[in-house]
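S.K.: Pasting a structure here, questions to come.
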Amino acid sequence: MDIIFIEELRAETWIGIYPREKAMAQTVEISLQIGVSTTSAGASDDIRDTVDYAVVVERLRKDLAASHFNLLEKLTEHIATFLLENFAAQWVRVSVAKLGMMPGVKRVGVIIERSI
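Here full-length UniProt numbering is used: position 37 in the sequence shown is 37, and no number is missing along the way.
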């Protein structure tokens, strides 16, 4: 299995359980590893034979902008399912972090791995 990766993607979504978090969308930082075979694309040099990371980013940002999650765990599961169901991934590793949530802490987050 090969891996296509997208690192430190920033996206807006509604995330949190506290009133201050529910008042406005927040920026989250997402890193993705998408397990797929790249053999066909390596032979054909055709974008249609692989996962188009520009499409992943565009569709994921659109989906997250319209969604609300209480917990990072739920958001991370949502992204993993989204990738497995929409991009023919066999395996994914998803990292999601909230930024600047506490004084002296750069980010807090969750990392999961899922497969079909």
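Where a beta carbon is used, it is the ideal one built from N, C-alpha and C, also for glycine.
Would you give the residue range spanned by the beta strand (DSSP E) that residue 9 belongs to?
M.R.: Taking the sequence shown and counting its residues from 1, one reaches residue 9 at position 9. Residues 2-15.
S.K.: Looking at C-alpha atoms only, which residue of 5, 14, 106, 34 is the closest neighbour of residue 63?
M.R.: Taking the sequence shown and counting its residues from 1, the one referred to as residue 63 is at position 63. Selected option, being the one with the closest Cα: 14.
S.K.: Grouping DSSP H, G and I as helix and E and B as strand, with all else coil, what is residue 47?
M.R.: By 1-based counting over the sequence shown, the position of residue 47 is 47. Residue 47: helix per DSSP, three-state reduction.
S.K.: Quick check on residue 89: buried or exposed, where buried means 16 or more other Cβ atoms within 10 Å of its Cβ?
M.R.: Within the sequence shown, residue 89 is the residue found at index 89, counting from 1. The residue in question, residue 89, is buried, as its Cβ has 16 or more Cβ neighbours within 10 Å.
S.K.: What span of residues does the beta strand (DSSP E) with residue 27 cover, start to end?
M.R.: Taking the sequence shown and counting its residues from 1, the one referred to as residue 27 is at position 27. Looking at the DSSP string, the run of the beta strand (DSSP E) that includes residue 27 is 26-36.
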